[in-house]
Structure formats: structure tokens, C-alpha cells
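Numbering (full-length UniProt numbering), first residue to last: 3 to 600.
Where a beta carbon is used, it is the ideal one built from N, C-alpha and C, also for glycine.
Here is the structure we will look at, set down as C-alpha cells.
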Ligand code: GTP
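Okay, here's the thing in C-alpha cells:
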């Protein structure tokens, strides 16, 4: 197709502002779909994704649209993931577009995530078409929302389109605007081919599949191509587009979007942001902006039953094949035995992986408290990356410890500003700015250690603002602080999986809270159990789990066999998520207790 007739765009929206519903309507209007089920199958590949209502894997459809000018345009609607954990994927998806629909719920106004994604789009020089959604609702306030977009984003809203993705109002106008206001892709048909990889996934029959946007030249079926960042060559054995049904094609020219298959073993080889070129006549420079994604959050994953270790390894390998951002390596814990240290983009990513392991692979797991990656500078000047607090070098060898700092942007109605500021301050935040978006909406920016964000910051933010605050964050760098390791001991045995790195000022409170919490979680044993919090060899807090008064099974001995069996069965059930530490049984909850401390 003539690239003048191509339009590549995506939809930017805060969660629940109506992105999926609008995508649905656009598919309806362009006649791409006969039933909603089909769309659900295609745009939401994973069960978990549907249940959580977020899009994890970007997926793109090709649509034909005949405009008022009589021409038939080829539209590529590029779906972007909506959560901050997947920010880099969002930015690559946007790089594949010339324009974006900015969907704002007219009953809610601009939210933090909308903003972050709009700025990403503006960085990529995209044409932005504001869409004011949900105008069918009586509480919609088009004028106010328009003003907010202009004030906060500085975007000209004279061409904003009031719409209802639910009833269909404004959809025709949106499609015309896509054709009129979003520029056609520019690319050099005769140059060495360059295509941007902006998504990839694993298919058990085809191996890794990559979604690309061609910038220059042509990629053909049968061609030998090179992935420039990894330096690997593949023959393109299959190509296709989603209409939204997967449809085979034989070539993709400048501006076009589709998928490639080529006997690629694993998604680890398909780096998002990499450039595909010709292996024989390669382009000299790759497309700009490639960046290796690094996991930000690490946690240990251990099988409750050590017999499941190999099954767990298999399951982790399979998940890694489909998700290069998830990494793992073998790990041992004195308390938990053999398991794996796993890295994730963020907490949501971690929860998703954990859930899939338990649900799809039927594993019983103990997950330890997540930790960020610390930079530990030793006295000899060298630096060690610490993904596991248990592995922190002793203080006498350490010069300083640095931690990752995130810039938080919080949007909140003015009534809750005081409460939000207090929360940020308490979390070791450093205030950067307070800005009034309108008379009653405020944007607060703080630099805050990621470790403070991980510990239920989001829940707290929601509760101090009655659910009205929204947030977004990005890494800005590393900063040194007075950080120390806090250990927990059970009857003198260290629970290495519970060690955390904390700020010295918070160590006492954290240690005491944790000891109190564990006292409630650790079941009574035959004897007294001492729970201690310690910094080095110094115990800073202690609680005691009293001994059981009576032996439960004692009265069964020599008695009724079936009753005894029943009791043992019951105990086994209860034991499922227990782990022996020294001589004490510790339930799974204990390892996550640290997340639930105020
Ligand atoms: P995520 O996938 O979670 O990012 O959400 P989303 O932005 O895709 O929102 P989605 O399309 O799932 O819509 C969220 C809710 O708003 C759903 O219950 C929709 O039915 C509803 N909704 C979407 N558009 C409209 C609209 O124009 N009017 C009304 N009344 N409701 C709408």
C-alpha cells in the first residue's frame, strides 16, 4: 500500500477511562469484527489479563477504513500496556506511531498515568487528538475536562472530540480525525530495511514472534534478517497481520506493521526496541532509543515442598521464554532451602508471575518480601549490586549504600493535599513541586526511595485520599542514605529470607512491628519460641510465642485410629504452606508480613 494512505496510532488513557471500549467501537465501525468474543480472544490473550482488566502484551490490529474523501486508508491501531510497570513497552509502542488518541474520562479529568503517557507521546512527536469520553453520563463535564487538558498538558483542545465509546457518539468524527490530523508515515522505500521491534511473545508452535513497524525499505518472507542489538540472523519463515484474525502476508513496506516468525528460540532474543535489518545488506545505524530493560524488584521464590524444585525451574524457564523482562537464577536460603531469586519490573509484574506459577503450573510457593536493587560501595572503591538483602557485605567493609530513587507524580483533589504531603514526607520523600492544575486539582512531585514506594505506598495513598489520588513513577537515579540490614531470628536461627535493608531511623520501629506481627503469625509450638529483630549482633526487639498448653494428638494415641488419621490429614492440609526453620514451623504469611507493616 502507498504509505500516504497509512495511519499508525495508539490510544492513550488512564485505567478505566475507556480505552478498550473505544478500541472495540473502532473495530465495529471499520467492520473488522462480527462478535465481541473474537475481539476478546485477540486483544486479550491471557486469562489473568482479562480478570485484572489491564493489558500486559501490546497487540496491534490492521483495519481498512474508507474515509469521507472516498479513499480507503490502512489504519494500524497499536495497543499499549497501561501500567507503569510496563513503561518502556509503552514508549516503544508509541515510537511505532505517528499519532495517538488521548482518551480522558470527562467525568474524572486528567490522571497521573494519562499524563505520563501523553508526555511519552509528545517526546515521540506524535500528533495527539484529545477525546473526551463518557459524555453520555450526566456527571460528564466537557468544558472543565477540556480546560484541564489545556492547563495541565498545554495541549490545544480546540479540536477535542466529545464522545461516548459506549453509545457510539463521536466515533465517526474520531476516525475522520485520524485520517486528517495524523501524518502519514515517512520512510525511504529504497533504503536498507529497518524495522522496530515493539512487541514479542512466545508461541509454542512458532517459537518467538515479533511485532514490527517497518520504517525504511521492505521486509519479505524468505529474507535473511538481522536483529541489530543481539547481532543474530534469522530467515523470515512466516509473516502476518491481525485483522484482528491472524492473516498471512508476504511483505511489509515503509510504515506498515505486522509480525515476523523465524525459528527464534526464545523471546530473550527479541529485545523490545531492537532494529530488524537485512542480514546481507544491513543498515548502518539502528533506529534510535534502544534500551535494555532491567528488573527493578527482586524476590525469592521457593517451593514449599522441596520435591517441586525441578517443576518450579521448568515453570520459570517457560515464563522467561515468553517474558524477557522477568529473570531468575538459583538461590539458596538457610531458612527456605533451594529456590530461585527472581527479578521483576515492578510489584504488579511480580504478582502476575506468582499467580501464573500457582495457577497454571500448580505449584505451592513461598515468596519472600520483595527488595529493590541496592548499590553497595566497598572500602576498596568497588561496587556490588545487591538484589538480596541477606547478601549485603558487613558494615566494616562498606563505604556507603545507595538506593534507587523514583520521581513520583501524584494527582489529587486539593482537599487531600495535606494528607498526601504527610505520607510522602514520612516515606523519606523530597518535595520537588506542588502545582495547581485547576482550582481543586493538585499535582505533587516528590523524589522518593523505591523501597518506600514498594511498601504499600499505593494502598496508603488511596486510603488517605479516599481513592481520589492517582500516581505514576519513574527512575531518576541512585542516592546514598544511612541504610542498614535488619535481621529476624527465630529461637536464635536467622530467618535470612526476612532480612531487609532499611533506613537506620526506621530500623527500631520496623523491627518491633515485625516481631509483633510474627508473634501472631507463627503458630504455638510444643515449646516457647523467641522472635528477635537484630542489627548485626545487637538485638533491638523481642517477642515470645508461648508454648502450647496441651498436645493435640496426645489423647489419640492408642485410641481411635480413624480419628487420629483425620487429625493428621488436617495437619497436613494446614502444613501445605509451612516451612521448617530450625525447629520451628513458619507459615508463608510470615514472609510477606513485612509488606503489611504500617
Ligand atoms: P483498562 O483496560 O483497565 O486500562 O481500562 P480501559 O481504559 O480500557 O477502560 P474500559 O474500556 O475497560 O472501560 C472502563 C469502564 O468504563 C467499563 O465499565 C466501560 O463499560 C465504561 N465505559 C467506557 N466508555 C464509556 C462511555 O463512553 N460511557 C460510559 N457510560 N461508560 C463507558
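Would you say residue i touches the ligand GTP, meaning its beta carbon is less than 8 Å from a heavy atom?
i	result
residue 22	yes
residue 354	no
residue 411	no
residue 16	yes
residue 30	no
residue 136	yes
residue 139	yes
residue 174	no
residue 19	yes
residue 168	yes
residue 374	no
residue 504	no
residue 270	no
residue 120	no
residue 105	yes
residue 165	yes
Just how far apart, CA to CA, sit residue i and residue j?
i	j	result
residue 445	residue 104	19 Å
residue 377	residue 478	15 Å
residue 426	residue 109	27 Å
residue 367	residue 356	8 Å
residue 538	residue 119	44 Å
residue 471	residue 177	32 Å
residue 161	residue 27	20 Å
residue 45	residue 415	Low per-residue confidence applies at residue 45: pLDDT is 46, beneath 50, and the placement is therefore not dependable, though the value from the model is reported in the following sentence. Looking at the two C-alpha atoms, the distance is approximately 34 Å.
residue 358	residue 270	19 Å
residue 300	residue 520	22 Å
residue 73	residue 257	18 Å
residue 82	residue 13	7 Å
residue 587	residue 525	8 Å
residue 62	residue 150	30 Å
residue 483	residue 503	11 Å
residue 585	residue 239	58 Å
residue 234	residue 228	6 Å
residue 254	residue 33	23 Å
residue 169	residue 139	10 Å
residue 403	residue 391	12 Å
residue 582	residue 497	11 Å
residue 236	residue 277	13 Å
residue 71	residue 293	41 Å
residue 545	residue 511	14 Å
residue 40	residue 167	Its pLDDT being 49, under 50, residue 40 is placed unreliably in this model, and the coordinates cannot settle the point.
residue 397	residue 386	13 Å
residue 534	residue 114	41 Å
Does the beta-carbon distance from residue i to residue j come in below 9 Å?
i	j	result
residue 473	residue 407	no
residue 361	residue 289	no
residue 297	residue 328	yes
residue 181	residue 9	yes
residue 154	residue 117	yes
residue 209	residue 135	no
residue 133	residue 172	yes
residue 310	residue 200	no
residue 527	residue 541	no
residue 345	residue 405	no
residue 419	residue 347	no
residue 373	residue 453	yes
residue 505	residue 485	yes
residue 244	residue 102	no
Could you give the first and the last residue of the continuous beta strand (DSSP E) run that contains residue i?
i	result
residue 9	8 to 15
residue 209	209 to 218
residue 480	472 to 483
residue 437	432 to 440
residue 534	531 to 537
residue 248	248 to 250
residue 386	385 to 388
residue 241	240 to 244
residue 405	400 to 415
Starting from residue i, trace the alpha helix (DSSP H) both ways and give me its first and last residue.
i	result
residue 426	419 to 428
residue 270	First-last for residue 270: undefined, no H or E at that position.
residue 320	311 to 324
residue 522	506 to 523
residue 352	349 to 362
residue 607	This structure gives no information on residue 607, because the portion of the chain shown stretches from 3 to 600.
residue 464	459 to 466
residue 453	452 to 456
Within 8 Å: the Cβ of residue i and any heavy atom of the ligand HEM?
i	result
residue 123	Absence of the ligand HEM is noted for the structure shown, with the ligand GTP being the only ligands found.
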